[in-house]
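Only one structure is covered here, and it is reproduced in the block below.
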Amino acid sequence: MKKIAMAVVASSMLAAPAMAADVKIGVLLGFTGPIESLAPNMATAAEMAMKEASDSGNFMGGSTAVSVRADSTCVDAAAATAAAERMVTSDGVAAIMGADCSGVTTAVLQNVGTAKGIVMISPSATSPALSDIPDDGLFFRTAPSDARGGQVMAEVLMGRGIDSIALTYTNNDYGKGLADSIQGSYEALGGKVTVVASHEDDKGDYSAEVAALAQGGSDHLVIVGYLDRGGKGIMQASLDSGAFENFAMSDGMIGPSLPEAIGADLNGSWGLLPGGESEGYDIFAKMAAEAGFEATPYSAESYDSAALIMLAMQAAGSSDSQKMKAKVFDVANAPGTKIHPGELGKALKILADGGEIDYVGAREIELIGPGETGGAYLEQVVQDGKFTTVKSH
Amino acid sequence: MTDVLNAIVLLANFVLVPGLAYGSQLALGALGVTLIYGILRFSNLAHGETMSFGAMVTILVTWGLQAGGINFHPLPTALLALPFGIVGAVALCLIVDRLVYRYYRQQRSTSSIYLIVSIGVMLITGGLIRFIIGPGDRKITDGERFIIKARTFKEMTGLNEGLAIKTTQGVTVIAAFLVVGFVFWFLNRTRTGKAMRAYSDNEDLALLSGINPERVVMIAWIMTGALATIAGTLYGLDKSFKPFTYMQLLLPIFAAAIVGGVGNPIGAIVGGFVVAFSELIITFAYRKVLMYLLPDGMAPEGMIQLLSTDYKFAVSFVILVIVLLVKPTGIFSGKSL
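Read top to bottom, the protein sequences are chains A and B.
Using my numbering, the first residue of the first sequence is number 1, and each one after it goes up by one.
Using my numbering, the first residue of the second sequence is number 1001, and each one after it goes up by one.
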């Protein structure tokens, strides 16, 4: 009797994947750690795309896309690698939507992605280092690289007629990467970076840092940092000592709490935020509201990442990463019918019929070179104590 | 001539003014550390958290005052709340002494055991503070923000460089001056102060002459609590209040106390300013100053910065090491560690 029971269990386990025809997709995000407030909505957005594709009945001949969540922790490479390993070996995911932060994404890609040949599409890893990493064509991302962010920052600075800057960055991968990129692009355009200095977050006093920055002789200070931490301290100390009055800010500095904390002195300063105002994003935001969650940062990118994975599978006619990886560019870029959020069913149908699509999605997806988005940026200026979008780049 | 003036104003704005304020805060902190060392003979590592605790009580009362529409314009309202903060910190010190340190006093424990005990007190107090007010940044400064703004100064004088003096910087320096004066008067002129000095110099002789040791210890804790609260609140007003930052202050405060000579009040004051100005002078970039002072064409290309600001805290370390190597008793010959 016991033997029979075991045999039944064993055979049903073997048979399960074939019968249900589920396609498992990993959702590897930092549900705990520094971006734990963003991760739930990112996962929900990715799962919304999976549900949309499954409900249409057109995905892989009527298959269901099933989400398998795991915690990347955002900062602990070993934990993220173990989680990804488990996803692939014991859950059997076909592809991974993730990881999120640049450091863990690199680790997972090297130890699991390329080692096991699994496609990874990250919604939020922005480190320039990920552009050049050997990935066997398996890694893509729907957020722009900070290399692009630095270039746009340099162009906007030049466009505003600012030919000399002081530059300070928060002392971590994000700060250093973006600051290097800003400096390189800006100097290539003929700008002069008079002084570069890092700052540590969570110090009480930034007057020494500001004193050093002020001695370069520039009127403009570019701050790559965080609005609730060192970046704000640098800004306050600059205003207090009269060292700088004009600031340019990275995406980490933009948020309503900054003008509230600094006050009227911030008016006229500006910053760059990844993203564009697009038709696709408006549709996504509406869909998110109907599904009962808010379109917080990187949730749109998560939706797009999950959608790209499923569309590439459909185009390849297989959930095998080695086959679908070549199709990611095809479905993301022209030519083909333009696909917005909420049109996944239509897109899957076109692909099933042998047609071509150009996935636009929530974030105007257009993949370039190493499998990343070209990246749109919004230029926001502080006016009357509020960040207001003035231009799209 | 204007070039020389510009150079002077530049240095005043970025080195002299912040150095005076920061030095005053360190001096008040070091004074508290030195008092405890003189009387109880141990390095009180919990001092940073005592500063934080006093500042926290002050902030809570300040919020209450602000909500009640009471202010101290043009000075920061927190100054009105300061006495409450002092009471809070003194209560904390006395309770901790009663519950913790008294036991070790009766055991006649060595100073290294006291040191370890004070680490425990530091961690528990730190946890308590974060439990009550949270780990976040609290801004409490209100009233007039500047005594003089950089831009106003430029317009007034027609110079290229501005000089900014914040109200909190002015308040800090004046308050430190008054408090230090009071402490010296107390130690040198009052009977209790003299008793404390006697106890510090020679415990056995002091006991023989009828000085009550528990009373001396109690007064030392009261003064430490008050000094810590004043230093902590001034630091919080001048920068911003964040519980974590007070633990980072421990190093420069101890460096200040040791440089001046532990157990010596004058040493603590001098040490505070030595450490503050060393940090600023060594990490300052002198390019612009030299541009004003040197003839045209001889201005340097580089930043002329001895040490990057990243290493600011290393300056305190280096001073500490040098003093301990060369003159372990400090400038004013305090007790040897």
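Glycine residues also receive a C-beta, built at the ideal position from the N, C-alpha and C atoms.
Check, Outcome
"What residue range does the alpha helix (DSSP H) around residue 1097/B cover?", "Neither: residue 1097/B is in no alpha helix (DSSP H) and is coded neither H nor E."
"Of all the CB atoms in chain B, is at least one closer than 9 Å to the CB of residue 217/A?", "yes"
"Work out the CA separation of residue 209/A and residue 1336/B for me, nearest whole Å.", "Because the pLDDT of residue 1336/B is 46, which lies under 50, any placement of that residue in the model is unreliable, and the question is left without a value."
"Is any beta-carbon of chain A found at less than 9 Å from that of residue 982/B?", "Any answer about residue 982/B is impossible in this case: the structure gives chain B only from 1001 up to 1337."
"For chain A, find out if any of its Cβ atoms is closer than 9 Å to the Cβ of residue 1277/B; answer yes or no.", "no"
"Between which two residues does the alpha helix (DSSP H) harbouring residue 1002/B extend?", "1002-1011"
"Counting along the chain, where does the alpha helix (DSSP H) carrying residue 75/A start and finish?", "Careful: residue 75/A lies outside any alpha helix (DSSP H) and carries neither H nor E."
"In three-state DSSP terms, what is residue 234/A?", "helix"
"Please check if any C-beta of chain A sits within less than 9 Å of the C-beta of residue 1014/B.", "yes"
"Taking CB distances under 9 Å as the criterion, tell me whether residue 17/A reaches chain B.", "Here the model assigns residue 17/A a pLDDT of 41, short of 50, so the residue's position is not dependable, and the following value carries that caveat. No, because no Cβ of chain B sits closer than 9 Å to the Cβ of residue 17/A."
"Could you check what DSSP says for residue 1333/B in three-state terms: helix, strand or coil?", "coil"
"Are three or more beta carbon pairs between the stretch 1296-1316 of chain B and the stretch 1035-1044 of chain B nearer than 8 Å?", "no"
"CA-CA distance, residue 335/A and residue 359/A?", "10 Å"
"Measure the C-alpha to C-alpha separation of residue 1330/B and residue 1271/B and round it to an integer number of angstroms.", "9 Å"
"Which residues in the same chain have their Cβ closer than 8 Å to the Cβ of residue 1074/B, if we skip the five residues on either side of it in sequence?", "1143, 1144, 1167"
"Can you find a CB in chain A that lies within less than 9 Å of the CB of residue 1003/B?", "no"
"Within 9 Å (strictly less), CB to CB, does residue 1297/B reach chain A?", "no"
"Assign residue 141/A to one of three DSSP states: helix, strand, or coil.", "strand"
"Which same chain residues, not among the five before or five after residue 1090/B, have their C-beta less than 6 Å away from its C-beta?", "1222, 1225"
"According to a CB-to-CB cut-off of less than 9 Å, which residues of the stretch 194-213 of chain A neighbour chain B?", "194, 195, 197, 198, 199, 200, 202, 203, 204, 205, 206, 207, 208, 209, 210, 211, 212, 213"
"Since I believe residue 100/A is in contact with residue 128/A (beta carbons under 8 Å), could you give me their beta-carbon distance rounded to a whole number of angstroms?", "The Cβ separation is near 17 Å, so there is no contact."
"Does the separation of the CB atoms of residue 38/A and residue 238/A fall below 9 Å?", "no"
"Is the CB-CB distance between residue 1147/B and residue 1059/B below 9 Å?", "no"
"Our contact map puts residue 77/A next to residue 348/A with C-beta atoms below 8 Å; I'd like the distance itself, whole angstroms only.", "Contact doesn't hold; Cβ gap of about 35 Å is too wide."
"Measure the Cβ-Cβ separation of residue 407/A and residue 226/A and say whether it is below 9 Å.", "No information on residue 407/A is available, as it lies outside the stretch 1 to 393 that chain A covers here."
"Take residue 378/A as the anchor and find which of 310/A, 112/A, 357/A, 250/A has the nearest alpha-carbon.", "250/A"
"With respect to the beta strand (DSSP E) encompassing residue 164/A, which residues constitute its N-terminal and C-terminal limits?", "164-170"
"Would you kindly work out how many angstroms separate the C-alpha atoms of residue 59/A and residue 73/A, rounded to a whole number?", "31 Å"
"Grab me the residues of residue 340/A's own chain with a C-beta within less than 6 Å of its C-beta, minus the 5 sequence neighbours each way, in chain order.", "280, 283, 360"
"Using only the alpha-carbon positions, how far apart do residue 18/A and residue 67/A sit?", "Any reading at residue 18/A must be qualified, since the residue scores a pLDDT of 40, below 50, and its modelled position is unreliable; no value is offered."
"Would you say residue 236/A reaches chain B, if we count a Cβ-Cβ gap shorter than 9 Å as a contact?", "yes"
"Quick one: what's got a C-beta closer than 7 Å to residue 1006/B's C-beta in the same chain, skipping five residues either side?", "1159, 1160, 1161, 1292"
"Quick one: list the residues of chain B neighbouring residue 240/A, beta-carbon separation under 7 Å, in chain order.", "1164, 1166"
"List the residues that DSSP assigns as beta-bridge partners of residue 270/A.", "248/A, 381/A"
"Rounded to whole angstroms, what is the Cα-Cα separation between residue 15/A and residue 22/A?", "Note that residue 15/A scores 42 on pLDDT, short of 50, meaning its location in the model is unreliable; the coordinates nonetheless yield the value given after this. In a straight line, the C-alpha of residue 15/A is about 12 Å away from that of residue 22/A."
"Name the chain B residues whose beta carbon is nearer than 8 Å to that of residue 264/A?", "Under the 8 Å cutoff, chain B gives no residues; its nearest Cβ is about 11 Å from residue 264/A."
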